[in-house]
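When you read off a place in the sequence shown, starting at 1, and then add 49, the result is the number in our numbering.
In what follows, a structure is listed as structure tokens, so that the remarks can point back to it.
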Amino acid sequence: MGALADKLESLSRKHRERWVVEMEPHNYSDGTTHFTHVGYDAKDAAGNPIKVRVADYVTPELGELLELMHNNVDEIISALRKT
């Protein structure tokens, strides 16, 4: 498990922003009520606010999983190192 913990730690160093699940409302005849995206707020080179999307048009469950894993990566790494 140490190698997995090391890899997760290496990947997580670059992006420490808190990710959020965003629900984009849509009403389609097939019953779709929203699209799910995962992303975070940032600033462009000029300092203007922008929205960065990590994943677009994912299932709500996948969006939640991505958000939980990213936002809790330190705890996941710690748990892996204890095994």
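Where a beta carbon is used, it is the ideal one built from N, C-alpha and C, also for glycine.
Measure the alpha-carbon distance for residue i versus residue j and round it to whole angstroms.
i, j, result
"L67", "D79", "Correcting the residue identity first, residue 67 is Arg in this sequence and not Leu. Using only the alpha carbons, I get a separation of about 33 Å."
"A95", "D123", "31 Å"
"I126", "L57", "7 Å"
"M50", "N76", "44 Å"
"T81", "P109", "12 Å"
"S59", "R65", "12 Å"
"V107", "G88", "12 Å"
Taking DSSP as the reference, what is the three-state secondary structure of residue i?
i, result
"M118", "helix"
"R130", "helix"
"A91", "strand"
"D123", "helix"
In its own chain, which residues sit with a C-beta less than 7 Å from the C-beta of residue i, not counting the 5 before and 5 after it?
i, result
"P98", "D90, K92"
Return the chain-ordered list of same chain residues with a C-beta closer than 6 Å to the C-beta of residue i, the five sequence neighbours on each side being excluded.
i, result
"D105", "H86"
"H119", "W68"
"S61", "V122"
Among residues of its own chain, excluding the 5 on either side of residue i, which ones have a beta-carbon nearer than 8 Å to its beta-carbon?
i, result
"H83", "M72, E73, P74, H75"
Thinking residue i and residue j are a contact (beta carbons under 8 Å), I'd like their distance in whole angstroms, please.
i, j, result
"R130", "A54", "5 Å"
"V103", "L115", "7 Å"
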